[in-house]
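Note sheet for the following structure.
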Amino acid sequence: MDGTGQAGQLSAGDPGRSRHRRPAPGPGPALREAEERAGALQVGVDTVEFLGHRDGVIEYGLSLRRDIVRAMRRHRPEVVVTGAFSVRMVGGIASQADHRAVGPAARDAERDAGNR
Numbered sequence: 002m003d004g005t006g007q008a009g010q011l012s013a014g015d016p017g018r019s020r021h022r023r024p025a026p027g028p029g030p031a032l033r034e035a036e037e038r039a040g041a042l043q044v045g046v047d048t049v050e051f052l053g054h055r056d057g058v059i060e061y062g063l064s065l066r067r068d069i070v071r072a073m074r075r076h077r078p079e080v081v082v083t084g085a086f087s088v089r090m091v092g093g094i095a096s097q098a099d100h101r102a103v104g105p106a107a108r109d110a111e112r113d114a115g116n117r
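Note that the sequence shown covers residues 2 to 117 in our numbering.
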């Protein structure tokens, strides 16, 4: 390995969105993308690609898998890491629905990416 890495993000996190309050004013996703890229550099990841999905409403399906497959084929990763996709996280906290959708989609897309 040459000491570089790539990361794919399905969304920029759309800060300030919740069912309890309106979106926060300000730079929003652009700021989150800059923060993610800066943090990634700290751990040797020089490329972060955001796939443009809206945080909080990502659903498992063919279109999500297709987007992940395309990114995997572009970057050709040796290792794929995704968040946990169980119903409960550490400490028993309920996982978010979009997070639970991304894990299986990434796993399935990894297989799909090799089926050319």
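Glycine residues also receive a C-beta, built at the ideal position from the N, C-alpha and C atoms.
If you're wondering where the values come from, they're calculated on a predicted model, not measured in any experiment.
Query	Result
Mapping DSSP to helix, strand and coil, what is residue 1?	A question about residue 1 goes unanswered here, because the residues of the chain that appear run from 2 up to 117.
Per the contact definition of three or more C-beta pairs closer than 8 angstroms, is the region 46 to 56 in contact with the region 86 to 96?	no
Assuming contact is defined by CB atoms lying nearer than 8 angstroms, are residue 102 and residue 59 in contact in what I supplied?	yes
Assuming the contact rule is C-beta atoms closer than 8 angstroms, residue 46 and residue 6 should be a hit. Round their C-beta distance to whole Å, please.	4 angstroms
What does the alpha-carbon distance come out to for the pair residue 83 and residue 107?	7 angstroms
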